[in-house]
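Residue numbers (the working numbering), protein chains in the order written: chain A, 54 to 235; chain B, 118 to 311. C-beta atoms are modelled at their ideal positions from N, C-alpha and C, and glycine is treated no differently. For reference, the structure is listed below as structure tokens.
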């Protein structure tokens with residue numbers, strides 16, 4: 054019967070303690086203690102194989118890229134079919150645009166600004182879905198920047214990106230600087 | 118375990134916030150930091166080759182759909198492992214048990230006998246090291262699932278008792294006990310490799 058962690062060896066040193074010390078040479082106690090020496094010998098094959106496992110490469114790892122690629126394709130397809138917003142109303146009816154494209158325009162705009170990292174971004178539809186949408190954006194900015202200027206530049210850049218890429222009027226663009234990074 | 122260099126807490130917080138706002142690129146980046154560990158965990162938990170691939174896809178989709186429930190970005194790793202654990206358990210429950218699923222015609226007794234037959238050997242070559250690791254993987258698969266998951270998370274993924282406790286939703290003392298029992302069993306079964 055092998056002693057368990059909960060049942061200390063006759064020398065009172067637990068298996069947990071011994072297991073944790075296996076990566077180091079035996080200490081003074083272990084050099085003297087026959088029980089600990091026997092436990093070390095008993096645990097060594099397991100420790101060695103576990104170490105090999107931990108540091109080795111699994112054959113399945115070659116699949117990782119494919120798995121992630123397939124899932125991301127599905128996710129992108131799903132979100133492209135997401136909420137639609139009215140871009141404009143034509144004689145044939147409303148022309149709608151996916152929220153994915155609008156959020157992508159926000160991300161591209163903010164990513165083009167130096168010293169700023171986008172955190173959250175949200176589209177707020179007009180109450181009757183006919184007026185202009187509003188946007189809410191939160192940022193982290195580099196230390197030493199002026200928060201008011203950063204917010205203003207962010208508004209300008211997003212508005213310009215929307216005008217250039219989407220041609221959609223925007224109501225308000227609320228920008229919150231909620232974190233500072235070095 | 119190696120992999121892409123992990124972002125610091127602030128970068129991770131920004132990435133999680135972006136992903137929660139619906140940015141698939143941020144989500145994809147987050148997953149690249151954890152995909153290797155998650156695949157390893159699923160492979161350890163599931164017996165049939167190929168199942169881990171299916172389950173990992175489910176894990177990613179679940180994570181994307183439930184991302185809004187992650188309130189502390191620093192808990193992202195344990196949150197993902199918790200999802201993986203649930204998906205693995207669901208998968209094992211749904212699966213019709215098949216005798217010795219992945220191990221072909223060998224019986225468990227045969228495995229033990231084969232392992233015992235090596236007791237006089239002194240394995241030194243890489244091939245023997247790999248064989249020892251292969252034996253260990255098999256013995257780990259044969260542990261009770263609750264011991265297996267705790268042992269793998271501790272010894273292969275280097276997670277703390279506190280993190281494992283959060284992942285398996287059990288007190289730390291329970292986790293310690295399971296790891297200890299698993300280690301005792303595994304050490305006994307690996308003894309022939311001495």
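- Close to chain A, meaning a Cβ-Cβ distance shorter than 8 Å, are the following residues of the region 177-196 of chain B: 177, 178, 181.
- For residue 184 of chain A, the closest alpha carbon among the candidates A:95, A:160, A:73, A:225 is that of A:225.
- For the set B:205, B:277, B:176, the Cα lying nearest the Cα of residue 165 of chain B is the one of B:205.
- For residue 249 of chain B, the neighbours in chain A by C-beta distance under 8 Å run, in chain order, 98, 101, 102, 105.
- Rounded to whole angstroms, the gap between the alpha carbons of residue 187 of chain A and residue 183 of chain B is 25 Å.
- Residue 169 of chain A has its alpha-carbon roughly 8 Å from the corresponding atom of residue 203 of chain A.
- Counted as a single uninterrupted DSSP element, the beta strand (DSSP E) harbouring residue 170 of chain A occupies residues 169-177.
- Excluding sequence positions up to five before and after residue 141 of chain A, its CB lies within less than 6 Å of the CB of 148, all in the same chain and listed in chain order.
- Not flagged as an interface residue toward chain B: residue 75 of chain A, since no C-beta distance is shorter than 8 Å.
- For residue 174 of chain B, the enclosing alpha helix (DSSP H) has its first and last residue at 168-182.
- As far as DSSP is concerned, residue 149 of chain B takes part in no beta bridge.
- The three-state secondary structure of residue 185 of chain A, taken from DSSP, is coil.
- Rounded to the nearest angstrom, the gap between the Cα atoms of residue 191 of chain B and residue 253 of chain B is 32 Å.
- Looking at the DSSP output, residue 227 of chain A shares a beta bridge with A:189.
- DSSP, reduced to helix, strand and coil, places residue 276 of chain B outside both helices and strands of the structure shown, so it counts as coil.
- Residue 163 of chain B and residue 169 of chain B do touch by the CB rule: their CB atoms are close to 5 Å apart, below 8 Å.
- Taking all protein chains shown into account, residue 235 of chain A has fewer than 16 neighbouring C-beta atoms within 10 Å of its C-beta and is therefore exposed.
- In this structure, the straight-line span from the alpha carbon of residue 211 of chain B to that of residue 140 of chain B is close to 33 Å.
- Residues of the region 171-182 of chain A that bring their beta carbon within less than 9 Å of a beta carbon in chain B comprise 171, 172, 173, 174, 175, in sequence order.
- Exclusion of the five residues before and after residue 64 of chain A leaves 86, 88, 89 as the residues of its chain whose Cβ lies within less than 7 Å of its Cβ.
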